[in-house]
Structures are given as structure tokens and as C-alpha cells.
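Sequential numbering from 739 applies to the sequence shown in the working numbering. Glycine is no exception: its CB is placed at the ideal position from the N, C-alpha and C atoms. Since this is a predicted model, take the numbers as computed values, not measurements.
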Amino acid sequence: MTASGEVMRQTIASARRIVVKVGSSSLTSRAGGLDRERVAALAAVLAARHASTEVVLVSSGAIAAGLAPLGLPRRPADLASAQAAASVGQGLLMSAYHDSFAHFDITVGQVLLTADDIARRAHYRNARQALLRLLALRVIPIINENDAVATAEITVGDNDRLAALVTHLVEAQALIMLSDVDALYDSDPTRGGRRVPVVTEPSRLSGLQIGGSGSAGVGRGGMRTKVAAAAIAGAAGIPVLLAGSGDAAAALDGQDVGTVFCPPVANRVRRSPRTLWLEHASDPVGRLWCDDGAVEALQHRGASLLPAGVVRVEGRFLAGDAVDVCTTAGVPIARGLVGFDSGEIPPMLGRSMQQVAEQRGAAGLRVLIHRDDLVLLGEPPTLGV
Ligand code: GLU
739 MTASGEVMRQ TIASARRIVV KVGSSSLTSR AGGLDRERVA ALAAVLAARH
789 ASTEVVLVSS GAIAAGLAPL GLPRRPADLA SAQAAASVGQ GLLMSAYHDS
839 FAHFDITVGQ VLLTADDIAR RAHYRNARQA LLRLLALRVI PIINENDAVA
889 TAEITVGDND RLAALVTHLV EAQALIMLSD VDALYDSDPT RGGRRVPVVT
939 EPSRLSGLQI GGSGSAGVGR GGMRTKVAAA AIAGAAGIPV LLAGSGDAAA
989 ALDGQDVGTV FCPPVANRVR RSPRTLWLEH ASDPVGRLWC DDGAVEALQH
1039 RGASLLPAGV VRVEGRFLAG DAVDVCTTAG VPIARGLVGF DSGEIPPMLG
1089 RSMQQVAEQR GAAGLRVLIH RDDLVLLGEP PTLGV
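Spelled out as C-alpha cells, the structure:
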């Protein structure tokens, strides 16, 4: 194993606040339905770590657990049935966790999040506050997406991404993703592919075969969503370990199992939850198209966005919403919280701050996007197919 992989495993082993994500297929039996023994085994591992660490669990399995009680043979394709299964299964899942953790005198708390809770800044702060209080009370929060009310258009999408966003939300120091896939492989493991013990930079992933879908067909994720989640956590400088759920104890202990994703060196500085939220979790609702001078000022001089540099406004939004800033070619380069409603901006375009102030009085003395409310968008990670 490389030195950086070893260092990251030690970081994971000694982290004081961790997020552990477990997939549906690690909690269900082959015959279908929730496997209480597997839930109990996971709880035992997490209970041991809880003695020294704040643990947040992101658990899938609601839909899978709801299938058998509803007589459904497989994960339903239609949204309403999936919602019904989640509604039935989430209760069963929590009851299994509750009983399993009770053996260790550990209290658990259910937190169901929707995409809105992540994408809206005020909701995000609320969710963060609730989670931090649960941790302060020595409770293990157990998070899932609120599938019973999530609609196809408004979902976080998969729990791998949700777990990475939760890692930002609670400022955890490590993310451990447990699933029925025990590691990333350099090619098909059934044909001699070898385990990749460490990924030192996301760019190293190009050339690897990354499967798309979940293996057991009960969850939503797959290797691709895990790699994407590792990139989101990596943006905050957080190492991610992907391991088989059977290796959970060894994984938490820093042993050489699974695949560890080292955060890019440039990101190993602490970033505020606010900028991480803007970059990865907010939902931009409009775009401001800028001239070359403004792009240069944002990218190289850490400037705020002024009306003089904006040539076009797209979308309908309110002051405080997240919008993308793009070049005249439409390439997004930054995201920020805009200071004005979309309807107020057109008369200001191309004008200096002084002209805007003359137009609007004191209300015009704001910049379009303040530098503190702005984050430059990085290169997306390269993924091999
Ligand atoms: N939230 C879903 C569930 O509990 C799982 C989503 C996923 O597999 O990523 O069933």
C-alpha cells in the first residue's frame, strides 16, 4: 500500500467524527426482507467505535425492507409503490436498529432528509443543527432519504451522494461506505481483476472500469455513484473508504481492506460548510452570463461580481437564491448567492456601481454576488468508463 493510503487509513481509524453509509443489499437476506442478524452485526461494530467517536449512520434499506411485507417480489418500478414500500420498510429498519443498538445502551434517532433539506440554505442549517445536537447527546443519528414523500424530480438521488453531503453537513473527518461490493477493481474481478487498495487522486480513475448499477438490484447506487460520492467528500479534504459490509470492523480499524480514496492534495485545507454547500448541494435556479473581464476578476482576483461585467440574466429567482455564473460561451465557472431578484437585474447590466446607485439609491449599493457568497467551480473528476 502507498504511504498516503496508509496515512488515510490511520486518519479514518482515529477520526473523532465519522459518517458510515450502508447499502440496502448489506441489510437484506437473499430470500428478501430485512436481515436482522446483519443489522445486529453492523450495530455491534458501530457500537464499539461509538465509545471513542461520534458516529452518523446513513442507511439505505427502507424500500428493500418494505418489499416482503407488501408481497412485492422486487423493487417496484413505479414511484407510488416504491414510496409505499419505503413507508412500510423505514419503520421496520429503524425498529431493527433500535433493538440492536439497545443491547449496547445506545440511543438512535431517525433523520429523514429530502433534497430540499440539502439544497436550501436555511433547511441545510436546520438539518445541521439537529444532527450536531443529536451527536452532542451521544445519539447515533440514522439518516435516510425521505423516500415516502420524495418525488422522481426532487430526490437527492442515491444514498452514496446523500452520505457525502452529510459528511460536509456535520464536518466529519471520514466517510466509510459499506456495501456488497468490497472494493474498486482494476477490471472485472471474476476475470482476474485486482483490488485497487488506494486511489491517490480522482484523476487516477480514468482507465479503470467502473460499473454503473448496484449488484443485488435492491439499492440505487453502484460503483459510479460511490466514486462520485468520494469526489464530493474529497472536495472537503475528507478521505473515503469503500469496503464490504463484512469487513466493517477491519475497515473502521484502518486495516488494509477495500479501497481508500485520498482527497486531492489541494483540498486538504478546511473549507467552510457554506462554500461546500454552494458547490455541491445547492440547486442553482438561474444563470448570470459574464464578459471576459468579469470572468478574469472572479477567477484570478477573488473579486465580487459587479453588474458592469454581466451581459445577460437567465431564469427567475429571488435575492438569496443560488445561481451559476457563466462565460459568454455558457460555461459555468462559479456559483453564488445572488443579491437581487432576477427581475431587478436587467436595468443594471453593464452599468457601474455608481450608475446603479444613481438609478436605485442606496438599494443599488450592493454587488450582484458578494465574494463571500461565491465559490469557483472546479474541474469535474475524470471517470473511466
Ligand atoms: N433510500 C433508499 C432506501 O432506503 C435507498 C437509496 C439507495 O439505495 O441509494 O431504500
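Proximity of residue i and residue j at Cβ, strictly below 7 angstroms
{"i": "residue 1073", "j": "residue 1062", "result": "yes"}
{"i": "residue 815", "j": "residue 762", "result": "no"}
{"i": "residue 832", "j": "residue 848", "result": "yes"}
{"i": "residue 1104", "j": "residue 1081", "result": "no"}
{"i": "residue 964", "j": "residue 896", "result": "no"}
{"i": "residue 778", "j": "residue 819", "result": "no"}
{"i": "residue 1109", "j": "residue 1042", "result": "yes"}
{"i": "residue 1014", "j": "residue 974", "result": "yes"}
{"i": "residue 878", "j": "residue 793", "result": "yes"}
{"i": "residue 992", "j": "residue 747", "result": "yes"}
{"i": "residue 924", "j": "residue 931", "result": "yes"}
{"i": "residue 1071", "j": "residue 1051", "result": "no"}
{"i": "residue 1000", "j": "residue 1027", "result": "no"}
{"i": "residue 934", "j": "residue 916", "result": "no"}
{"i": "residue 795", "j": "residue 758", "result": "yes"}
{"i": "residue 913", "j": "residue 882", "result": "no"}
{"i": "residue 888", "j": "residue 852", "result": "yes"}
{"i": "residue 772", "j": "residue 830", "result": "yes"}
{"i": "residue 989", "j": "residue 979", "result": "yes"}
{"i": "residue 918", "j": "residue 764", "result": "yes"}
{"i": "residue 783", "j": "residue 987", "result": "yes"}
Endpoints, the alpha helix (DSSP H) within which residue i is located
{"i": "residue 970", "result": "961-973"}
{"i": "residue 837", "result": "817-840"}
{"i": "residue 990", "result": "986-990"}
{"i": "residue 806", "result": "No alpha helix (DSSP H) contains residue 806, which DSSP labels as neither H nor E."}
{"i": "residue 902", "result": "897-907"}
Residue range of the beta strand (DSSP E) that includes residue i
{"i": "residue 1086", "result": "No beta strand (DSSP E) holds residue 1086; DSSP gives it neither H nor E."}
{"i": "residue 726", "result": "Since the first residue of the chain shown is 739 and the last is 1123, residue 726 is not available in this structure."}
{"i": "residue 1048", "result": "1048-1052"}
{"i": "residue 882", "result": "878-883"}
{"i": "residue 867", "result": "Per DSSP, residue 867 belongs to no beta strand (DSSP E); it is in the alpha helix (DSSP H), 859-874."}
{"i": "residue 847", "result": "846-851"}
Assigned exposure category for residue i - 16 Cβ within 10 Å defines buried
{"i": "residue 1048", "result": "buried"}
{"i": "residue 1069", "result": "exposed"}
{"i": "residue 1053", "result": "exposed"}
{"i": "residue 952", "result": "Because the pLDDT of residue 952 is 47, which lies under 50, any placement of that residue in the model is unreliable, and the question is left without a value."}
{"i": "residue 756", "result": "buried"}
{"i": "residue 902", "result": "buried"}
{"i": "residue 790", "result": "exposed"}
{"i": "residue 864", "result": "exposed"}
{"i": "residue 920", "result": "buried"}
{"i": "residue 1034", "result": "exposed"}
{"i": "residue 858", "result": "buried"}
{"i": "residue 840", "result": "exposed"}
{"i": "residue 1057", "result": "exposed"}
{"i": "residue 1018", "result": "buried"}
{"i": "residue 767", "result": "exposed"}
{"i": "residue 799", "result": "buried"}
{"i": "residue 875", "result": "exposed"}
{"i": "residue 811", "result": "exposed"}
Opposing strand residues paired with residue i [DSSP bridges]
{"i": "residue 756", "result": "793 and 912"}
{"i": "residue 923", "result": "933"}
{"i": "residue 1015", "result": "Per DSSP, none; premise fails for residue 1015."}
{"i": "residue 1107", "result": "1043"}
{"i": "residue 1062", "result": "1025 and 1073"}
{"i": "residue 999", "result": "937 and 978"}
{"i": "residue 766", "result": "772"}
{"i": "residue 917", "result": "982"}
Own chain residues within Cβ distance below 6 angstroms of residue i, not counting five before or after
{"i": "residue 825", "result": "886"}
{"i": "residue 955", "result": "Because residue 955 sits at a pLDDT of 46, beneath the cut-off of 50, its placement in the model cannot be relied upon, and the following sentence gives the value as read from the coordinates. Same-chain partners within the cutoff: there are none."}
{"i": "residue 939", "result": "1002"}
{"i": "residue 1021", "result": "857"}
{"i": "residue 1118", "result": "At residue 1118, the pLDDT of 42 sits below 50, so the modelled position is not reliable; the number obtained from the coordinates is stated separately. Excluding positions up to five away in sequence, the list is empty."}
{"i": "residue 910", "result": "755, 756 and 757"}
Residues near residue i by beta carbon distance below 7 angstroms, same chain, minus five either side
{"i": "residue 1046", "result": "1088, 1089 and 1090"}
8 angstroms CB neighbourhood of residue i in its chain, flanking five on each side removed
{"i": "residue 1055", "result": "1023, 1024, 1061, 1076, 1079 and 1080"}
{"i": "residue 1040", "result": "1109"}
{"i": "residue 866", "result": "907, 908 and 1011"}
{"i": "residue 1030", "result": "1065 and 1066"}
{"i": "residue 1097", "result": "1085, 1086 and 1089"}
{"i": "residue 1106", "result": "1026, 1042, 1043, 1044, 1045, 1048, 1076, 1077, 1078, 1083 and 1086"}
{"i": "residue 870", "result": "908"}
Test: residue i CB closer than 7 angstroms to a CB of chain C
{"i": "residue 1085", "result": "Here chain C cannot be found, since the structure has a single protein chain."}
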